[in-house]
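Note that the working numbering numbers the sequence shown so that position 70 is 229, with each residue one more than the last. Glycine is no exception: its CB is placed at the ideal position from the N, C-alpha and C atoms. Source: prediction; values computed, not measured. Below is one structure; the comments refer to it alone.
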Amino acid sequence: MSESFFEKEENVKQYFEMTADYDGRWFFEQFKKHVPVNYKCLELGMGPGKDLDNIRLEYDVVGSDYSFVFAELYKRSHPEIKIKVLDAVTIKIKQIFDCIYTNKVLHHLTFDDVKKSISRQAEILNTKGLVLHTFWKGTGQENYEGMLFHYYETEEVIQMFEQEFKVLHISTYKEFKEDDSIIVVAQKK
Ligand SMILES: C[S@@+](CC[C@H](N)C(=O)[O-])C[C@H]1O[C@@H](n2cnc3c(N)ncnc32)[C@H](O)[C@@H]1O
160 MSESFFEKEE
170 NVKQYFEMTA
180 DYDGRWFFEQ
190 FKKHVPVNYK
200 CLELGMGPGK
210 DLDNIRLEYD
220 VVGSDYSFVF
230 AELYKRSHPE
240 IKIKVLDAVT
250 IKIKQIFDCI
260 YTNKVLHHLT
270 FDDVKKSISR
280 QAEILNTKGL
290 VLHTFWKGTG
300 QENYEGMLFH
310 YYETEEVIQM
320 FEQEFKVLHI
330 STYKEFKEDD
340 SIIVVAQKK
């Protein structure tokens, strides 16, 4: 993705309109199934904060995005929630978490940057901490108006995590079409 795509207010506004119907219920159900409720969580790439809206109801969570525009908009309407501007690759934060999650974010990073992100996530997780991430399933990559969409097959996702994490759960699911997405839950080794 071009560094500045979601730093432009018009793109953020358009994204809000595009995702108006998404309520994040399925993702929240998965989250509750895999992540103990007392876990301190960090969301990377929170966007408009639809998933954060659900997760903050039951978890102690810090939201973040590399876009100052998304972060600022959410902060303004939810001053009680901790929000940071963070790049998912470098994750420059001093806190340690029990769980780090993303929902359809890591496909915007290059393969090398996803690897860097996963290593950095391991550094800022407690012992046996969890990650929960979703990906678009498929092969190859596309560039859509400056945004990178990198598709992964299940086996590739396992390989990306297995150096630093033990994969506890991986499955495909339907976002728009049957098996167009992958969810992975892994525990720091
Ligand atoms: C599909 S949206 C996520 C939507 C979110 N799950 C929700 O509940 O609304 C993808 C988000 O990833 C963010 N993003 C893309 N690259 C990023 C990066 N390198 N670091 C942090 N966030 C990034 C974008 O700014 C965008 O907000």
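DSSP three-state assignment for residue i, whether helix, strand or coil
i, result
"leucine 268", "coil"
"isoleucine 252", "coil"
"leucine 155", "Because the chain in this structure spans residues 160 to 348, residue 155 falls outside the shown range and cannot be described."
"isoleucine 240", "coil"
"serine 161", "Legend: pLDDT at serine 161 = 44, less than 50; position of this residue unreliable, value from coordinates given subsequently. Serine 161: coil per DSSP, three-state reduction."
"isoleucine 283", "coil"
"threonine 353", "In the structure displayed, the chain extends from 160 to 348; residue 353 sits before or after that span and is not available."
"serine 278", "helix"
"valine 228", "helix"
"lysine 325", "strand"
"valine 273", "helix"
"isoleucine 233", "Strictly speaking, residue 233 in this sequence is tyrosine, with isoleucine absent from that position. Tyrosine 233 falls in the helix class under three-state DSSP."
"aspartate 210", "helix"
Same chain only: Cβ atoms within 7 Å of residue i, ignoring 5 sequence neighbours per side
i, result
"serine 330", "Ile342"
"glutamate 323", "Ile277, Ser278, Ala281, Lys347 and Lys348"
"valine 115", "Outside the displayed span of the chain (160 to 348) sits residue 115, for which this structure offers no information."
"phenylalanine 186", "Asp210 and Asn262"
Own chain partners of residue i with C-beta closer than 8 Å, once the 5 adjacent residues on each side are dropped
i, result
"isoleucine 283", "Leu201, Ile250, Ile252, Gln254, Ile255, Phe256 and Ile259"
"alanine 230", "Met205, Gly222, Ser223, Asp224, Ile242, Lys243 and Val244"
Beta-carbon contacts of residue i that lie in its chain and below 6 Å, excluding the five residues immediately before and after
i, result
"asparagine 285", "Ile255 and Asp257"
"aspartate 219", "Lys199"
"proline 195", "none"
"serine 161", "For serine 161, the predicted structure reports a pLDDT of 44, less than 50, and the residue's modelled location is therefore unreliable. A value from the coordinates is still provided. Once the five neighbours on either side are set aside, the close Cβ partners of serine 161 are Gly305."
Endpoints, beta strand (DSSP E) assigned at residue i
i, result
"glutamate 188", "Unbroken run through glutamate 188 is the alpha helix (DSSP H), 184-193; no beta strand (DSSP E)."
"glutamine 346", "340-347"
"lysine 199", "199-202"
Endpoints, alpha helix (DSSP H) assigned at residue i
i, result
"phenylalanine 308", "Premise fails: phenylalanine 308 lies in the beta strand (DSSP E), 306-309, not in any alpha helix (DSSP H)."
"tyrosine 174", "168-177"
"glutamate 315", "313-320"
Is the stretch 241-254 touching the stretch 178-189 in the sense that three or more CB pairs, one from each, lie closer than 8 Å? no
Would you be able to state if there are at least three C-beta pairs under 8 Å between the stretch 204-222 and the stretch 295-308? no
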